[in-house]
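For the sequence shown, position 53 matches number 476 in our numbering, and the numbering has no gaps at all. What follows is a set of notes on a single structure, which appears directly below.
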Amino acid sequence: MRNFVKQIKMLVILGMAFLLSGCKFDVIHPAGYVARQQLILIVICVAVMLCVVIPVMVSVVFLAIKYRASNTAEEYLPDWGHSNKIEAFMWGIPIVIVTVLGALTAYYTYKLEPENPLPVEVVGEGKPLQVDVVALDWKWLFIYPEYNIASVNEIYAPKGRQVLLQLTSESSVNAFWVPKLGTVLYAMPQMNSKLHLIADEQGVFKGTSANYSGDGFAKMRFKWHSVSPQDFENWVAKARSGGQILDRASYRQLSIAPRMGDVAAKEKDAEVRYFSSVESRLYYRIVNRCVDENTVCNEDLMKRAAAQSLWGALCSVFDPGVI
Numbered sequence: 424m425r426n427f428v429k430q431i432k433m434l435v436i437l438g439m440a441f442l443l444s445g446c447k448f449d450v451i452h453p454a455g456y457v458a459r460q461q462l463i464l465i466v467i468c469v470a471v472m473l474c475v476v477i478p479v480m481v482s483v484v485f486l487a488i489k490y491r492a493s494n495t496a497e498e499y500l501p502d503w504g505h506s507n508k509i510e511a512f513m514w515g516i517p518i519v520i521v522t523v524l525g526a527l528t529a530y531y532t533y534k535l536e537p538e539n540p541l542p543v544e545v546v547g548e549g550k551p552l553q554v555d556v557v558a559l560d561w562k563w564l565f566i567y568p569e570y571n572i573a574s575v576n577e578i579y580a581p582k583g584r585q586v587l588l589q590l591t592s593e594s595s596v597n598a599f600w601v602p603k604l605g606t607v608l609y610a611m612p613q614m615n616s617k618l619h620l621i622a623d624e625q626g627v628f629k630g631t632s633a634n635y636s637g638d639g640f641a642k643m644r645f646k647w648h649s650v651s652p653q654d655f656e657n658w659v660a661k662a663r664s665g666g667q668i669l670d671r672a673s674y675r676q677l678s679i680a681p682r683m684g685d686v687a688a689k690e691k692d693a694e695v696r697y698f699s700s701v702e703s704r705l706y707y708r709i710v711n712r713c714v715d716e717n718t719v720c721n722e723d724l725m726k727r728a729a730a731q732s733l734w735g736a737l738c739s740v741f742d743p744g745v746i
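Right, dumping it as structure tokens:
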């Protein structure tokens with residue numbers, strides 16, 4: 424009976440493993456330059472680590488068999504306690520492995536620095552498409568300053584065109600992530616993080632928040648549509664025909680989080696919405712916490728503080744020349 428139960432358990436485990444094979448693992452199926460470079464790093468690091476793991480596992484089995492209690496034919500050395508060769512091997516190999524992994528990680532970290540533009544040989548000389556991203560409770564707002572439109576839970580970008588994403592959050596800390604395009608980056612209140620991505624194939628890619636942010640976190644998803652330039656222009660025209668205007672009042676209404684347990688409100692948050700026009704410098708006001716009337720922007724407060732201090736200069740979260 425016990426053997427039968429064990430066999431059933433084994434079949435269940437194998438069945439679960441079989442079902443998992445049907446799940447898509449986007450990280451190992453990249454659709455952009457950044458994600459592809461990160462996959463290369465993952466593969467190299469795993470291969471380097473296997474250079475340690477495999478010999479160790481083989482050695483465990485080999486030594487267990489060779490020095491088992493019943494094997495009396497092997498040499499017995501009760502007074503042996505040290506070997507320079509073994510010490511050099513046991514310490515030298517891990518040091519080399521850690522050094523290699525550290526060097527690889529440092530190289531790719533600097534190479535794929537999120538706020539730096541991608542290599543010209545990859546993206547060409549064209550101007551990147553700027554998208555200002557605001558993480559709300561619990562939805563994503565995407566503002567296109569060049570086109571004066573905005574969308575909720577949907578982002579469109581032409582295939583092969585570099586995208587500059589500026590990221591902030593209204594309240595809680597979130598993390599912007601499109602697994603097939605690479606790089607998870609935090610979106611934080613009063614901060615303006617920058618991320619450069621590119622999709623080199625057409626498709627619809629799932630995006631999500633990779634940082635738990637409260638009751639509606641599970642629904643905080645969006646879709647990245649990588650399309651042809653013509654389809655992108657058609658989408659822009661569609662958004663402009665929406666009729667809704669995103670100003671400070673409508674933004675404040677949009678930013679209200681659903682009440683705990685309000686399923687209907689959460690479902691509405693997950694819907695795609697469009698805004699045909701956006702109030703000037705709205706993203707700037709969101710970052711600087713001055714959306715509401717009669718509120719002084721953080722950057723203005725910093726200017727006053729800088730003028731009265733030894734700094735004498737302002738430290739802004741925005742780069743010169745960026746919309």
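Beta carbons are placed, not taken as given, at the ideal position from N, Cα and C, and that holds for glycine. All values derive from a computational prediction rather than experimental measurement.
Segment contact: the stretch 661-670 against the stretch 536-555, fewer than three CB-CB distances shorter than 8 Å; contact not assigned.
In the structure shown, the three-state DSSP call for residue 578 is strand.
For residue 525, the enclosing alpha helix (DSSP H) stretches over residues 507-534. With respect to the 7 Å criterion, residue 546 and residue 585 are classified as neighbours on the basis of their beta carbons.
The continuous stretches of beta strand (DSSP E) do not include residue 676, which lies in the alpha helix (DSSP H) extending over residues 671-677.
In this structure, residue 600 lies near residue 633, with their beta-carbon atoms less than 7 Å apart.
Between residue 606 and residue 457, the C-beta spacing is below 7 Å.
For residue 501, the three-state secondary structure derived from DSSP is coil.
For residue 584, no beta strand (DSSP E) segment is defined, and its DSSP state is neither H nor E. DSSP, reduced to helix, strand and coil, places residue 604 outside both helices and strands of the structure shown, so it counts as coil.
In this structure, the CA atom of residue 715 is about 8 Å from the CA atom of residue 672. Separation of residue 493 and residue 480 (C-alpha to C-alpha, rounded to the nearest whole angstrom) is 22 Å. By the beta-carbon neighbour count (other beta carbons within 10 angstroms, threshold 16), residue 701 is buried. If you draw a straight line from the Cα of residue 724 to the Cα of residue 576, it comes to about 33 Å. A straight line joining the alpha-carbon of residue 559 with that of residue 596 spans about 10 Å.
Checking the DSSP bridge columns, you'll see residue 555 partnered with 566 and 589.
The beta carbon of residue 710 sits closer than 7 Å to those of 591, 613, 615 and 740, all from its chain and outside the five residues before and after it, given in chain order. The Cβ-Cβ distance between residue 454 and residue 580 does not fall below 7 Å. In the three-state reduction of the DSSP assignment, residue 708 falls in the helix class. Per DSSP, the unbroken beta strand (DSSP E) holding residue 620 starts and ends at 616-620.
Beta-bridge partners of residue 647 (DSSP): 578 and 628.
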